[in-house]
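According to the working numbering, the sequence shown is numbered sequentially starting from 871.
Working notes for the structure below.
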Amino acid sequence: MSSRNILFVCTGNICRSPLAEYFFRDYVEKRGQGGRFQIGSAGTYALDGNRATYEAIEAGRSRGLDLTPHRAREVNGGLMSSADLVLAMTRSHHDWLSTRYPGLENKIYLTMLFPRRYDGRGPGRIDVPDPIGESVEHYLQVLAMLEPALPKICQGILEEDHS
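The following block contains the structure:
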């Protein structure tokens, strides 16, 4: 069975999408499913090579994640084409990606809405707020939003692959 290429997208690729990427990767690796996924992240307006923010690194560290190796990259046609699933952090990211990459709309979803495919329930919030410039506490709130959604996405994909 081939691996699934998952791409998380936010604005600068230094806060939300790296947190989602590293959390998702850690989740699948701890369950022995790391080989089933290629997981990455990018930003709609990222400056290639930027590191994750200090606050993102600290929030990740609180969950046992090491974001220090992360380097931002701007989303591009190659990343979009190779992704099986693109998970946008907000409606504006979703709309930007859908407009910029016509023909790929069927693989672009909102991160917080995608689990609805599997459990039939929607999230309390649709957009994952941007914590840039805020305290570590705001980054922890972002993680608290993502933590229930990302395992549902993983489990749903694995179940789809077995059906």
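All C-beta atoms in this analysis are idealised placements derived from N, C-alpha and C, irrespective of residue type, glycine included.
With DSSP collapsed to three states, give me the class of residue i.
i            : result
residue 875  : strand
residue 967  : helix
residue 984  : coil
residue 892  : helix
residue 937  : coil
residue 962  : helix
residue 915  : coil
residue 1024 : helix
Tell whether a beta-carbon distance below 8 Å holds between residue i and residue j.
i           : j            : result
residue 942 : residue 920  : yes
residue 879 : residue 940  : no
residue 971 : residue 948  : no
residue 998 : residue 874  : no
residue 889 : residue 916  : no
residue 956 : residue 1020 : no
Out of curiosity, what's the CA-to-CA distance linking residue i and residue j?
i            : j            : result
residue 882  : residue 1009 : 15 Å
residue 892  : residue 936  : 8 Å
residue 894  : residue 1024 : 8 Å
residue 960  : residue 983  : 10 Å
residue 884  : residue 1028 : 28 Å
residue 1004 : residue 872  : 39 Å
residue 1115 : residue 1012 : Since the first residue shown for the chain is 871 and the last is 1033, residue 1115 is missing from the structure and cannot be characterised.
residue 985  : residue 1015 : 12 Å
residue 918  : residue 966  : 19 Å
residue 1022 : residue 908  : 17 Å
residue 944  : residue 913  : 5 Å
residue 996  : residue 1002 : 18 Å
Alpha carbons only, please: which of the options is nearest the one belonging to residue i?
i            : options                : result
residue 973  : 1001, 958 and 951      : 951
residue 938  : 944, 945 and 929       : 929
residue 1031 : 918, 954, 1000 and 933 : 954
residue 934  : 996, 1002, 924 and 896 : 896
residue 911  : 1000, 958 and 1007     : 958
Any beta-carbon of chain B closer than 8 Å to the one on residue i?
i           : result
residue 891 : Structure shown: chain B not included; a single protein chain is present.
**Prompt:** Is the segment 902–914 touching the segment 978–986 in the sense that three or more CB pairs, one from each, lie closer than 8 Å?
**Reply:** no
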